[in-house]
Amino acid sequence: MPTYKEIQSVLLDRIKSGEWKPGMLMPPEAELAGEFGTTRVTVNRAMQALAEDGFVERRRKAGTRVVRRMTRDAHVRIRIVRDEIEQSGRRYSYLLVSRGVERPPQAIQAELGLAAETGALHVMCLHFADGKPFQLENRWISLDVVPQAADERFETVSPNEWLLQTVPYSNAEHVFRAAGASPQETEHLDLGPNEPVFIIERTTWLEGQTVTHVRLSHPADGFRIVTRD
862 MPTYKEIQSV
872 LLDRIKSGEW
882 KPGMLMPPEA
892 ELAGEFGTTR
902 VTVNRAMQAL
912 AEDGFVERRR
922 KAGTRVVRRM
932 TRDAHVRIRI
942 VRDEIEQSGR
952 RYSYLLVSRG
962 VERPPQAIQA
972 ELGLAAETGA
982 LHVMCLHFAD
992 GKPFQLENRW
1002 ISLDVVPQAA
1012 DERFETVSPN
1022 EWLLQTVPYS
1032 NAEHVFRAAG
1042 ASPQETEHLD
1052 LGPNEPVFII
1062 ERTTWLEGQT
1072 VTHVRLSHPA
1082 DGFRIVTRD
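Numbered according to my numbering, the sequence shown terminates at residue 1090, and the numbering increases by one at each position without gaps.
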(Lines of atoms letter the chains of each structure in order from A and count residues from 1; the text may use other names and numbers.)
(Lines give C-alpha, C1' and ligand atoms only; values in the text may rest on other atoms or scores of the structure.)
Protein backbone atom coordinates (compact mmCIF):
# COMPACT_ATOMS: atom_id res chain seq x y z
CA MET A 1 0.00 0.00 0.00
CA PRO A 2 1.22 3.56 -0.68
CA THR A 3 2.37 5.72 2.20
CA TYR A 4 0.49 8.87 3.13
CA LYS A 5 3.38 10.95 1.74
CA GLU A 6 3.08 9.21 -1.63
CA ILE A 7 -0.67 9.89 -1.68
CA GLN A 8 -0.03 13.49 -0.62
CA SER A 9 2.37 13.91 -3.56
CA VAL A 10 -0.17 12.56 -6.07
CA LEU A 11 -2.95 14.78 -4.73
CA LEU A 12 -0.65 17.81 -4.77
CA ASP A 13 0.19 17.13 -8.41
CA ARG A 14 -3.53 17.19 -9.22
CA ILE A 15 -3.87 20.58 -7.54
CA LYS A 16 -0.81 22.11 -9.19
CA SER A 17 -1.74 20.81 -12.65
CA GLY A 18 -5.20 22.34 -12.42
CA GLU A 19 -6.98 18.97 -12.54
CA TRP A 20 -8.43 19.98 -9.18
CA LYS A 21 -9.22 23.66 -9.52
CA PRO A 22 -9.23 26.34 -6.80
CA GLY A 23 -12.45 26.11 -4.80
CA MET A 24 -13.21 22.58 -6.00
CA LEU A 25 -14.67 20.06 -3.55
CA MET A 26 -12.28 17.11 -3.38
CA PRO A 27 -13.44 13.47 -3.48
CA PRO A 28 -14.42 11.91 -0.12
CA GLU A 29 -11.75 10.05 1.81
CA ALA A 30 -13.52 6.72 1.27
CA GLU A 31 -13.43 7.22 -2.50
CA LEU A 32 -9.73 8.12 -2.44
CA ALA A 33 -8.97 5.16 -0.19
CA GLY A 34 -10.56 2.88 -2.78
CA GLU A 35 -8.61 4.53 -5.60
CA PHE A 36 -5.26 4.11 -3.85
CA GLY A 37 -6.03 0.71 -2.33
CA THR A 38 -5.37 1.90 1.20
CA THR A 39 -7.17 2.83 4.41
CA ARG A 40 -9.12 5.99 5.16
CA VAL A 41 -6.67 6.67 7.99
CA THR A 42 -3.80 6.91 5.50
CA VAL A 43 -5.79 9.17 3.18
CA ASN A 44 -6.79 11.32 6.15
CA ARG A 45 -3.12 11.84 7.04
CA ALA A 46 -2.36 12.85 3.45
CA MET A 47 -5.25 15.32 3.40
CA GLN A 48 -4.24 16.75 6.77
CA ALA A 49 -0.70 17.29 5.49
CA LEU A 50 -2.07 19.19 2.48
CA ALA A 51 -4.18 21.31 4.84
CA GLU A 52 -1.17 22.08 7.05
CA ASP A 53 0.77 23.21 3.97
CA GLY A 54 -2.11 25.49 2.99
CA PHE A 55 -3.25 23.73 -0.19
CA VAL A 56 -6.68 22.58 1.00
CA GLU A 57 -9.26 23.70 3.52
CA ARG A 58 -11.05 21.11 5.64
CA ARG A 59 -14.43 21.72 7.24
CA ARG A 60 -16.42 19.28 9.29
CA LYS A 61 -19.47 17.99 7.39
CA ALA A 62 -18.62 20.29 4.46
CA GLY A 63 -15.74 18.29 3.01
CA THR A 64 -12.32 19.36 1.79
CA ARG A 65 -11.78 22.03 -0.85
CA VAL A 66 -8.77 23.25 -2.79
CA VAL A 67 -8.05 26.72 -1.45
CA ARG A 68 -8.41 29.68 -3.80
CA ARG A 69 -5.30 31.22 -2.32
CA MET A 70 -2.77 29.44 -0.15
CA THR A 71 -2.15 32.36 2.22
CA ARG A 72 -4.67 34.79 3.60
CA ASP A 73 -2.67 37.81 4.75
CA ALA A 74 -2.75 40.00 1.62
CA HIS A 75 -4.73 43.22 1.69
CA VAL A 76 -4.99 43.45 -2.11
CA ARG A 77 -7.36 40.85 -3.45
CA ILE A 78 -6.86 39.59 -7.00
CA ARG A 79 -10.22 39.85 -8.69
CA ILE A 80 -11.71 38.61 -11.96
CA VAL A 81 -12.00 41.75 -14.09
CA ARG A 82 -15.31 40.63 -15.59
CA ASP A 83 -16.83 40.35 -12.10
CA GLU A 84 -15.42 43.73 -11.09
CA ILE A 85 -17.05 45.45 -14.09
CA GLU A 86 -20.37 43.61 -13.90
CA GLN A 87 -20.72 44.19 -10.16
CA SER A 88 -20.38 47.93 -10.80
CA GLY A 89 -23.48 47.71 -13.01
CA ARG A 90 -21.66 48.04 -16.30
CA ARG A 91 -21.69 45.73 -19.31
CA TYR A 92 -18.53 43.65 -19.77
CA SER A 93 -16.92 42.67 -23.06
CA TYR A 94 -13.55 41.22 -24.01
CA LEU A 95 -11.15 41.22 -26.97
CA LEU A 96 -8.05 39.09 -27.48
CA VAL A 97 -5.37 41.28 -29.08
CA SER A 98 -2.51 38.79 -29.45
CA ARG A 99 -1.29 35.43 -28.19
CA GLY A 100 1.91 33.50 -28.77
CA VAL A 101 4.95 31.83 -27.26
CA GLU A 102 7.83 34.30 -27.28
CA ARG A 103 11.19 34.86 -25.64
CA PRO A 104 10.48 37.51 -22.99
CA PRO A 105 12.45 40.74 -22.58
CA GLN A 106 15.25 40.44 -20.05
CA ALA A 107 13.30 42.10 -17.22
CA ILE A 108 10.32 39.75 -17.69
CA GLN A 109 12.68 36.80 -18.03
CA ALA A 110 14.10 37.65 -14.61
CA GLU A 111 10.61 38.02 -13.10
CA LEU A 112 9.63 34.58 -14.40
CA GLY A 113 12.95 33.01 -13.42
CA LEU A 114 13.52 31.63 -16.92
CA ALA A 115 16.75 30.61 -18.65
CA ALA A 116 17.94 32.89 -21.44
CA GLU A 117 16.51 30.91 -24.37
CA THR A 118 13.28 29.78 -22.72
CA GLY A 119 10.00 31.01 -24.17
CA ALA A 120 6.86 31.99 -22.28
CA LEU A 121 3.24 32.49 -23.27
CA HIS A 122 2.57 36.16 -24.03
CA VAL A 123 -1.09 37.23 -24.09
CA MET A 124 -2.42 40.73 -24.64
CA CYS A 125 -6.12 41.46 -24.32
CA LEU A 126 -8.61 44.25 -23.67
CA HIS A 127 -11.40 44.45 -21.10
CA PHE A 128 -14.28 46.85 -21.81
CA ALA A 129 -16.88 48.46 -19.52
CA ASP A 130 -20.00 49.64 -21.39
CA GLY A 131 -18.04 49.45 -24.63
CA LYS A 132 -15.18 51.66 -23.41
CA PRO A 133 -11.64 50.36 -22.80
CA PHE A 134 -11.24 49.65 -19.10
CA GLN A 135 -8.02 47.65 -18.92
CA LEU A 136 -5.21 46.48 -21.19
CA GLU A 137 -3.90 43.16 -19.85
CA ASN A 138 -0.32 42.46 -20.97
CA ARG A 139 0.56 39.09 -19.46
CA TRP A 140 3.40 36.57 -19.50
CA ILE A 141 2.75 33.02 -18.23
CA SER A 142 5.48 30.53 -17.38
CA LEU A 143 4.87 27.33 -19.33
CA ASP A 144 7.31 25.54 -17.03
CA VAL A 145 4.92 26.12 -14.12
CA VAL A 146 1.61 26.21 -16.03
CA PRO A 147 2.12 23.92 -19.07
CA GLN A 148 -1.63 23.55 -19.60
CA ALA A 149 -1.81 27.23 -20.58
CA ALA A 150 -0.25 26.28 -23.93
CA ASP A 151 -3.55 24.63 -24.91
CA GLU A 152 -5.70 27.64 -24.03
CA ARG A 153 -6.59 30.04 -26.86
CA PHE A 154 -8.00 32.80 -24.60
CA GLU A 155 -10.39 33.87 -27.36
CA THR A 156 -13.45 34.03 -25.10
CA VAL A 157 -12.03 33.82 -21.56
CA SER A 158 -9.27 36.15 -20.38
CA PRO A 159 -6.04 34.82 -18.85
CA ASN A 160 -6.96 36.74 -15.69
CA GLU A 161 -10.15 34.72 -15.29
CA TRP A 162 -8.67 31.42 -16.47
CA LEU A 163 -5.71 31.58 -14.09
CA LEU A 164 -7.84 32.46 -11.06
CA GLN A 165 -10.20 29.57 -11.81
CA THR A 166 -7.49 27.05 -12.70
CA VAL A 167 -4.14 27.67 -10.99
CA PRO A 168 -3.58 28.21 -7.25
CA TYR A 169 -0.94 30.66 -6.06
CA SER A 170 0.88 31.11 -2.76
CA ASN A 171 2.23 34.66 -2.96
CA ALA A 172 1.61 37.82 -4.96
CA GLU A 173 3.43 41.12 -5.34
CA HIS A 174 1.69 44.28 -6.56
CA VAL A 175 3.28 47.52 -7.76
CA PHE A 176 0.98 50.52 -8.29
CA ARG A 177 2.04 53.59 -10.25
CA ALA A 178 0.93 56.29 -12.64
CA ALA A 179 2.83 56.88 -15.87
CA GLY A 180 2.58 58.40 -19.28
CA ALA A 181 0.86 56.02 -21.70
CA SER A 182 3.04 54.11 -24.14
CA PRO A 183 2.10 54.27 -27.84
CA GLN A 184 0.62 50.77 -27.48
CA GLU A 185 -1.47 51.80 -24.46
CA THR A 186 -2.57 55.01 -26.18
CA GLU A 187 -3.82 53.02 -29.17
CA HIS A 188 -5.62 50.22 -27.33
CA LEU A 189 -7.08 52.33 -24.52
CA ASP A 190 -8.23 55.01 -26.98
CA LEU A 191 -6.37 57.80 -25.17
CA GLY A 192 -5.57 61.31 -26.26
CA PRO A 193 -2.02 62.72 -26.58
CA ASN A 194 -0.07 62.79 -23.29
CA GLU A 195 -2.88 61.18 -21.28
CA PRO A 196 -1.65 59.21 -18.26
CA VAL A 197 -2.43 55.63 -17.31
CA PHE A 198 -2.70 53.92 -13.95
CA ILE A 199 -0.63 50.74 -13.92
CA ILE A 200 -0.78 47.66 -11.72
CA GLU A 201 2.17 45.29 -12.14
CA ARG A 202 1.62 41.93 -10.50
CA THR A 203 3.72 38.81 -10.10
CA THR A 204 2.33 35.62 -8.57
CA TRP A 205 4.17 32.55 -7.32
CA LEU A 206 3.32 28.95 -6.47
CA GLU A 207 5.67 27.44 -3.90
CA GLY A 208 8.57 29.67 -4.99
CA GLN A 209 8.00 29.27 -8.74
CA THR A 210 6.72 32.23 -10.74
CA VAL A 211 3.33 31.55 -12.31
CA THR A 212 2.77 34.81 -14.18
CA HIS A 213 3.75 38.46 -14.50
CA VAL A 214 1.24 40.99 -15.79
CA ARG A 215 1.04 44.72 -16.53
CA LEU A 216 -2.52 46.03 -16.20
CA SER A 217 -2.98 49.48 -17.71
CA HIS A 218 -6.07 51.64 -17.17
CA PRO A 219 -7.13 55.11 -18.29
CA ALA A 220 -6.22 57.17 -15.23
CA ASP A 221 -9.37 59.27 -15.39
CA GLY A 222 -12.02 57.59 -13.28
CA PHE A 223 -9.98 54.55 -12.19
CA ARG A 224 -9.89 53.74 -8.48
CA ILE A 225 -8.94 50.92 -6.12
CA VAL A 226 -10.95 50.11 -3.00
CA THR A 227 -9.72 47.62 -0.38
CA ARG A 228 -11.46 46.40 2.75
CA ASP A 229 -9.98 44.22 5.50
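By construction, the Cβ of each residue, glycine as well, lies at the ideal position given by its N, Cα and C atoms.
None of the values given here were measured: they were computed from a predicted structure.
{"Check": "Other residues of its chain near F1059: CB distance less than 7 Å, five sequence neighbours each side excluded", "Outcome": "A1039, H1079, A1081 and F1084"}
{"Check": "Runs of beta strand (DSSP E) lying entirely within the region 1032–1072, each at least 3 residues, in chain order", "Outcome": "1032–1041 and 1057–1067"}
{"Check": "Distance CB(Q1070)-CB(G879) smaller than 8 Å", "Outcome": "no"}
{"Check": "Nonlocal neighbours in the same chain, by C-beta distance under 6 Å from P965, ignoring five residues either side", "Outcome": "A981 and W1001"}
{"Check": "Distance CB(R906)-CB(Y865) smaller than 8 Å", "Outcome": "yes"}
{"Check": "Straight-line gap, L997 to V1072 (C-alpha atoms, nearest Å)", "Outcome": "19 Å"}
{"Check": "Residues bridged to W1001 (per DSSP)", "Outcome": "H983 and H1074"}
{"Check": "D927 classed as buried or exposed, judged by whether at least 16 other C-beta atoms fall within 10 angstroms", "Outcome": "Correcting the residue type first, residue 927 is Val in the shown sequence and not Asp. Classification of V927: buried, given that the 10 Å Cβ count is 16 or more."}
{"Check": "R875, DSSP secondary structure in three states", "Outcome": "helix"}
{"Check": "Alpha-carbon to alpha-carbon, A977 and P883", "Outcome": "32 Å"}
{"Check": "Cβ contact check for the region 941–951 and the region 982–997: 3 or more pairs under 8 Å", "Outcome": "yes"}
{"Check": "With 16 other Cβ atoms within 10 Å as the buried cut-off, status of R1076", "Outcome": "buried"}
{"Check": "Separation of V1028 from K877, as counted between CA atoms", "Outcome": "7 Å"}
{"Check": "Neighbourhood of M862 by C-beta distance below 8 Å, restricted to the same chain and skipping five residues each side", "Outcome": "F897, G898, T899, T900 and T903"}
{"Check": "Environment of N999 [buried if 16+ CB atoms lie within 10 Å]", "Outcome": "buried"}
{"Check": "S954 vs F989 beta-carbon contact at 8 Å", "Outcome": "yes"}
{"Check": "Per-residue DSSP class, three states only, for R943", "Outcome": "helix"}
{"Check": "N- and C-terminal bounds of the beta strand (DSSP E) containing E918", "Outcome": "V917 to R920"}
{"Check": "Contact under 8 Å by Cβ, T979 with N1032", "Outcome": "no"}
{"Check": "DSSP state of P1080 mapped onto helix, strand, coil", "Outcome": "strand"}
{"Check": "Distance CB(S1003)-CB(M985) smaller than 8 Å", "Outcome": "no"}
{"Check": "With 16 other Cβ atoms within 10 Å as the buried cut-off, status of N1055", "Outcome": "exposed"}
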